[in-house]
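Accompanying notes for the structure given below.
2 protein chains.
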Amino acid sequence: MAELPFPELDAHSDRAVFRQIADHIRDAIEREALHEGDKLPSEAQLMQHYGVARMTIRNALQVLQSEGLTVAEHGRGVFVRSRPPVRRLASDRFARRHRERGKAAFIAETEEAGGKPSVDSIKVTEQAAPPEVAQLLGLAAGAPVIVRSRRYLINGQPVETAVSYLPADIAKGTRIEQPDSGPGGIYARLEELGYRLDRFVEEIRSRMPFREEVRALKLAPGVPVFNLVRTAYAADSRAVEVCDTVMSTDAYVLSYELPAR
Amino acid sequence: MAELPFPELDAHSDRAVFRQIADHIRDAIEREALHEGDKLPSEAQLMQHYGVARMTIRNALQVLQSEGLTVAEHGRGVFVRSRPPVRRLASDRFARRHRERGKAAFIAETEEAGGKPSVDSIKVTEQAAPPEVAQLLGLAAGAPVIVRSRRYLINGQPVETAVSYLPADIAKGTRIEQPDSGPGGIYARLEELGYRLDRFVEEIRSRMPFREEVRALKLAPGVPVFNLVRTAYAADSRAVEVCDTVMSTDAYVLSYELPAR
DNA sequence: GGCGTCTACTCGTCTAGAGGAGTTTGCCCT
DNA sequence: AGGGCAAACTCCTCTAGACGAGTAGACGCC
Chain A
182 MAELPFPELD AHSDRAVFRQ IADHIRDAIE REALHEGDKL PSEAQLMQHY GVARMTIRNA
242 LQVLQSEGLT VAEHGRGVFV RSRPPVRRLA SDRFARRHRE RGKAAFIAET EEAGGKPSVD
302 SIKVTEQAAP PEVAQLLGLA AGAPVIVRSR RYLINGQPVE TAVSYLPADI AKGTRIEQPD
362 SGPGGIYARL EELGYRLDRF VEEIRSRMPF REEVRALKLA PGVPVFNLVR TAYAADSRAV
422 EVCDTVMSTD AYVLSYELPA R
Chain B
182 MAELPFPELD AHSDRAVFRQ IADHIRDAIE REALHEGDKL PSEAQLMQHY GVARMTIRNA
242 LQVLQSEGLT VAEHGRGVFV RSRPPVRRLA SDRFARRHRE RGKAAFIAET EEAGGKPSVD
302 SIKVTEQAAP PEVAQLLGLA AGAPVIVRSR RYLINGQPVE TAVSYLPADI AKGTRIEQPD
362 SGPGGIYARL EELGYRLDRF VEEIRSRMPF REEVRALKLA PGVPVFNLVR TAYAADSRAV
422 EVCDTVMSTD AYVLSYELPA R
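Chains A and B supply the protein sequences, listed in that same order.
Take the position in the first sequence, starting the count at 1, then add 181; the result is the number in this note's numbering.
Take the position in the second sequence, starting the count at 1, then add 181; the result is the number in this note's numbering.
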């Protein structure tokens, strides 16, 4: 039986045994003695090596999993989590010069990076505006809004969900209510309707995902999500859209350029 | 003995018992039958209510904790996690008009919001630039940089750690090397040195914290961190500073305004 | 060769218990 | 009234074992 590359437990330490074991494995990952995708020793091997009960080992593995360092696969083993390639969202991705090429931002970017974009689960409804949305849109609470929800995928992998809210008096009866909102996306439609877009405000939060988000985005355990809420303002400073997106923090880096003026 | 406000287990469901229990409690929190700061029923009470072993209850509680919904306090109980007031970082917070008032951004903002700002653990060293930093600064790998690290607190609570890197040929021998970099902070010093700041680029990531970050920021379990890396460019497009900050996602909302042009 | 089956190995779930350590409460003694 | 102490209650750590279910490789049969 091969020796495992982990030190012995420190019996004098007041650090709990399962934490010490987690520390050993974490160290091995951080100094790259274990690489992305490598299989960890099995629970049985770790039990033997450390001479502890199975629950103690499972506790240690649980710590690593909730830190997002490992993933367990039933029947196969526990593996060092590998990170998918990162998508960078630049702050100018909604600039008009891009939109005028006739493609929505997501499609254009993904194709440019050599991926196959697709959009999924498109639903359009009319609802009363939720309070936060009403506030951002400058509407009375409960005012009618058109709600477009959809899911974005790259090469078949879900990467982002998005829900857009538009005041019904702007969007009702327009192509924005169609599942396929046409070339250039809803921002192009808004400009055709005479709402010349002036600026966006993006608010970024991050948190652990809800259960449905884990499912919809196929998230690994221990991976938080970004929640980005973008409000689009027309030239008269009227808010014309609020877009609420959720994306895996694993797959995204957000990038903004700011003037120092 | 009071009835607990949770339904019975569904014996036919193939969802694991501990997950069903976690679902019940999560539901109660989400529909606000349990409010922020409320104490959950004790492990013993839950065991009795559901008629299961203690480890099953603990498993359920573990799920909620790693979702960031609850915190356990040794000897006291398990509580619905309460969120601290949120600090909003606006994208214009480093605008020159603010800086010229002679206060660093953090100090000014915090006082404005009625908090008592402080800065902590200030360390200044000269080191070889780490690879990512060298790349952002446009320096050769290993070029000498001045490294300023510090921790920011509001009312004594740590909220953010920051490490700034400046090319040694710019900062060496200047007040930037002093622990107290003077009124207006290092951006003010850079402008005095003739590096008129032109723009910033901020890159935002989010992930679960490392162990040291949990300690330094006193993070609750299940709370991810923002990692914001800001590069400051002078008018000649030379990168003059890289600032690597880590903050609790609990305490911050990041906000950016973008032109639609 | 191809296809099933069997088996060993993996992690997932759950039980039943023990001792420990931090917190709160109330009671007793002064 | 006040201080000190013990009990009761909380969560924390760990043990030992059982059964289940998914995976993968070996093996034998066709």
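Glycine included, every Cβ here is placed at the ideal spot set by N, Cα and C.
Just to confirm, is the Cβ distance from residue i to residue j under 8 Å?
{"i": "Val470 of chain A", "j": "Gln308 of chain A", "result": "Residue 470 of chain A lies beyond the range of chain A shown here (182 to 442); nothing can be said about it."}
{"i": "Ile210 of chain B", "j": "Val261 of chain B", "result": "yes"}
{"i": "Ala432 of chain A", "j": "Val267 of chain A", "result": "yes"}
{"i": "Phe381 of chain A", "j": "Thr426 of chain A", "result": "no"}
{"i": "Val406 of chain B", "j": "Arg388 of chain B", "result": "yes"}
{"i": "Gly249 of chain B", "j": "Gly403 of chain B", "result": "yes"}
{"i": "Leu378 of chain A", "j": "Ala441 of chain B", "result": "yes"}
{"i": "Ser272 of chain B", "j": "Ser436 of chain B", "result": "yes"}
{"i": "Arg280 of chain B", "j": "Gly365 of chain B", "result": "yes"}
{"i": "Ser345 of chain B", "j": "Glu293 of chain B", "result": "no"}
{"i": "Ser247 of chain B", "j": "Ser247 of chain A", "result": "yes"}
{"i": "Leu409 of chain B", "j": "Glu383 of chain B", "result": "yes"}
{"i": "Glu290 of chain A", "j": "Arg278 of chain A", "result": "no"}
{"i": "Gly319 of chain A", "j": "Ala420 of chain A", "result": "yes"}
Using a Cβ-Cβ cut-off of 7 Å (strictly less than) and excluding sequence neighbours within five positions of residue i, which residues of its own chain qualify?
{"i": "Ala214 of chain B", "result": "Pro186"}
{"i": "Arg235 of chain B", "result": "Glu224 and Met228"}
{"i": "Tyr231 of chain B", "result": "Leu190 and Ile202"}
{"i": "Ala349 of chain B", "result": "Glu307, Pro325, Val326 and Ile327"}
{"i": "Ile288 of chain B", "result": "Pro298"}
{"i": "Leu245 of chain B", "result": "Ala203, Ile206, Arg207 and Thr251"}
{"i": "Leu270 of chain B", "result": "Tyr433, Leu435 and Ser436"}
{"i": "Arg386 of chain A", "result": "Asn408"}
Along chain B, which residues have their Cβ under 7 Å away from the Cβ of residue i?
{"i": "Phe260 of chain A", "result": "Correct list: empty, because the minimum Cβ distance to chain B is about 17 Å."}
{"i": "Glu248 of chain A", "result": "Met389"}
{"i": "Ser272 of chain A", "result": "Tyr437 and Leu439"}
Could you pull the DSSP bridge partners for residue i from this structure?
{"i": "Gly258 of chain B", "result": "B:Glu254"}
{"i": "Gln338 of chain B", "result": "B:Ile335"}
{"i": "Ser387 of chain A", "result": "A:Phe407"}
{"i": "Gln243 of chain B", "result": "For Gln243 of chain B, which the question treats as bridged, DSSP gives no partner whatsoever."}
{"i": "Gln308 of chain A", "result": "A:Val326"}
{"i": "Arg268 of chain B", "result": "B:Tyr433"}
{"i": "Glu438 of chain B", "result": "A:Val382"}
{"i": "Lys220 of chain B", "result": "B:Phe260"}
{"i": "Pro186 of chain B", "result": "In DSSP, Pro186 of chain B forms no bridge with anything."}
{"i": "Glu422 of chain B", "result": "B:Ala413"}
{"i": "Leu347 of chain A", "result": "A:Ile327"}
{"i": "Met428 of chain A", "result": "A:Glu341 and A:Phe407"}
For residue i, collect the residues of the same chain with a Cβ closer than 8 Å to its Cβ; drop the 5 residues on either side in sequence, then sort them by chain order.
{"i": "Gly258 of chain A", "result": "Lys220, Leu221 and Ser223"}
{"i": "Glu217 of chain B", "result": "Val261, Arg262, Ser263 and Arg264"}
{"i": "Arg239 of chain B", "result": "Glu224"}
{"i": "Gly337 of chain B", "result": "Lys297 and Ser299"}
{"i": "Lys399 of chain B", "result": "Gln338 and Pro339"}
{"i": "Ala401 of chain A", "result": "Gly249, Val252, Arg262 and Asp431"}
{"i": "Glu394 of chain B", "result": "Thr342, Leu400, Val406 and Val427"}
{"i": "Ala192 of chain A", "result": "none"}
Can you pull the chain B neighbours of residue i, defined as C-beta to C-beta under 8 Å?
{"i": "Thr251 of chain A", "result": "Per Cβ cutoff of 8 Å: no residues; Thr251 of chain A is ~12 Å from chain B at best."}
{"i": "Val382 of chain A", "result": "Ser436, Tyr437, Glu438 and Leu439"}
{"i": "Pro405 of chain A", "result": "Ser387, Arg388, Met389, Pro405 and Thr430"}
Which residues in the same chain as residue i place their Cβ atom closer than 6 Å to its Cβ, once the five residues preceding and following it in sequence are excluded?
{"i": "Ile303 of chain A", "result": "Arg331 and Pro360"}
{"i": "Met182 of chain B", "result": "Interpretation of Met182 of chain B is limited by its pLDDT of 44, a score under 50 that renders its predicted location unreliable; the figure taken from the coordinates is listed afterwards. None."}
{"i": "Pro312 of chain A", "result": "Ala322"}
{"i": "Ala197 of chain B", "result": "none"}
{"i": "Ala285 of chain B", "result": "Gly366"}
{"i": "Pro342 of chain B", "result": "The amino acid at residue 342 of chain B is misidentified as Pro; the sequence shows Thr. The residues are Arg332, Ala397 and Val427."}
{"i": "Val314 of chain A", "result": "Tyr346 and Val423"}
{"i": "Gln226 of chain A", "result": "none"}
{"i": "Ala241 of chain B", "result": "Phe199, Ile202 and Ala203"}
{"i": "Glu254 of chain A", "result": "none"}
{"i": "Glu438 of chain A", "result": "Ser272"}
Against residue i, what residues of chain A qualify as contacts under a CB-to-CB distance less than 8 Å, listed in chain order?
{"i": "Tyr231 of chain B", "result": "Near Tyr231 of chain B there are no residues of chain A at all, since even the closest Cβ is about 20 Å away, more than 8 Å."}
For a contact meaning CB atoms closer than 9 Å, what does residue i contact in chain A?
{"i": "Ala276 of chain B", "result": "Leu439, Pro440, Ala441 and Arg442"}
Closer than 7 Å by beta-carbon distance: list the chain A residues that pair up with residue i, in chain order.
{"i": "Asp379 of chain B", "result": "Ala441"}
**Report entry** Three-pair Cβ contact test at 8 Å for the stretch 352–359 of chain B versus the stretch 369–377 of chain B
**Finding:** Taking 8 Å as the limit for Cβ pairs, the verdict is that the stretch 369–377 of chain B does touch the stretch 352–359 of chain B.
**Report entry** Stretch-stretch touch, CB-based, cutoff 8 Å, three pairs: the stretch 318–328 of chain A with the stretch 299–308 of chain A
**Finding:** Contact between the stretch 318–328 of chain A and the stretch 299–308 of chain A is present: three or more C-beta pairs spanning the two stretches fall below 8 Å.
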